[in-house]
Amino acid sequence: MKGRILSIEAIHVIQALKRAQRTNPTTLPLRVTTLLPRLLKADLISTFKELLRQQQFKIALVVFSSIKSEYKIELTLYAELVNALTSKGCFEEVDKLVCEIVEEGRIDIEDKGLVKFVKALVEGERRESTVKIYGLLKKCGWGEGFEVDEYVAEVLSKGLRRMGEEKLADEIDEDVKRLFRNNLAKNVV
Numbered sequence: 011m012k013g014r015i016l017s018i019e020a021i022h023v024i025q026a027l028k029r030a031q032r033t034n035p036t037t038l039p040l041r042v043t044t045l046l047p048r049l050l051k052a053d054l055i056s057t058f059k060e061l062l063r064q065q066q067f068k069i070a071l072v073v074f075s076s077i078k079s080e081y082k083i084e085l086t087l088y089a090e091l092v093n094a095l096t097s098k099g100c101f102e103e104v105d106k107l108v109c110e111i112v113e114e115g116r117i118d119i120e121d122k123g124l125v126k127f128v129k130a131l132v133e134g135e136r137r138e139s140t141v142k143i144y145g146l147l148k149k150c151g152w153g154e155g156f157e158v159d160e161y162v163a164e165v166l167s168k169g170l171r172r173m174g175e176e177k178l179a180d181e182i183d184e185d186v187k188r189l190f191r192n193n194l195a196k197n198v199v
């Protein structure tokens, strides 16, 4: 239920941000810097989710950026944003979001939201973004220092294969087989 109940303060912030966007969009960044710091993390997340629900994507992206600057964001929140944006055809924003993640050079391989995030990219048919995330996962040690989550690997493999990335899908399948053999050998010894 976290992030679903709106406080009075969050409702006021949403109304003020929507009003600023409607009347004078250039004042939105100023309104964000004055309104959002007053909210607790749970209220910020609730505000973000409500803006997504209302399809106020420009404002939601600004709120998301604010959350990101203050807190470590779980990949589940990224997945929700990707799902909302791709459902309305806002593919450029999704690709920008993925580029930002790749530029940061790290992704939490052990985050429980990883599979949701990868699924959101695959379901949104964001081939290039999915390939970039796979590259980042490999760079961060996925399949080497870290054990591969078989379900994430399956989603990636099937998704990339469906999007025409046979070579990468085969690479993922081979990584999973190799890791399975290594784990089996360790358990036997």
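Per my numbering, the very first residue in the sequence shown carries number 11; after that it's consecutive. Built from N, CA and C at the ideal position, the CB exists for glycine as well.
Per DSSP, K168 is one residue of the alpha helix (DSSP H) stretching across E160 to R172.
Of all C-beta pairs linking the stretch 30-50 to the stretch 69-78, three or more are shorter than 8 Å, placing the two stretches in contact.
Residue environment: T140 is assigned as buried (16 or more neighbouring CB atoms within 10 Å of its CB, all protein chains considered). For the pair T37 and L27, the Cα-to-Cα distance works out to about 9 Å. Taking C-beta separations shorter than 6 Å and ignoring five residues to either side along the sequence, E154 has no partners in its chain. Excluding sequence positions up to five before and after I143, its CB lies within less than 8 Å of the CB of V108, I111, V112, I117, F127, V128 and L131, all in the same chain and listed in chain order.
Around the Cβ of R32, a 10 Å sphere holds fewer than 16 other Cβ atoms; the residue is exposed.
Taking the Cα positions, D53 is about 6 Å away from A20.
For L62, the enclosing alpha helix (DSSP H) covers residues K51 to R63. Taken in chain order, the whole beta strand (DSSP E) runs of length 3 or more contained in the stretch 99-152 number zero. Taking C-beta atoms as the reference points, L124 and L85 count as a pair closer than 8 Å.
Here L91 is buried. Its C-beta has 16 or more other C-beta atoms within 10 Å. For N93, the three-state secondary structure derived from DSSP is helix. In the structure shown, the three-state DSSP call for E19 is helix. At a Cβ-Cβ threshold of 8 Å, D105 and E138 count as neighbours. A Cβ-Cβ contact shorter than 8 Å links L170 with A179. Between G151 and I119, the C-beta spacing is below 8 Å.
Ranking R172, L87, K187 and Q25 by CA distance to the CA of E133 puts R172 first. Rounded to whole angstroms, the gap between the alpha carbons of D185 and D159 is 11 Å.
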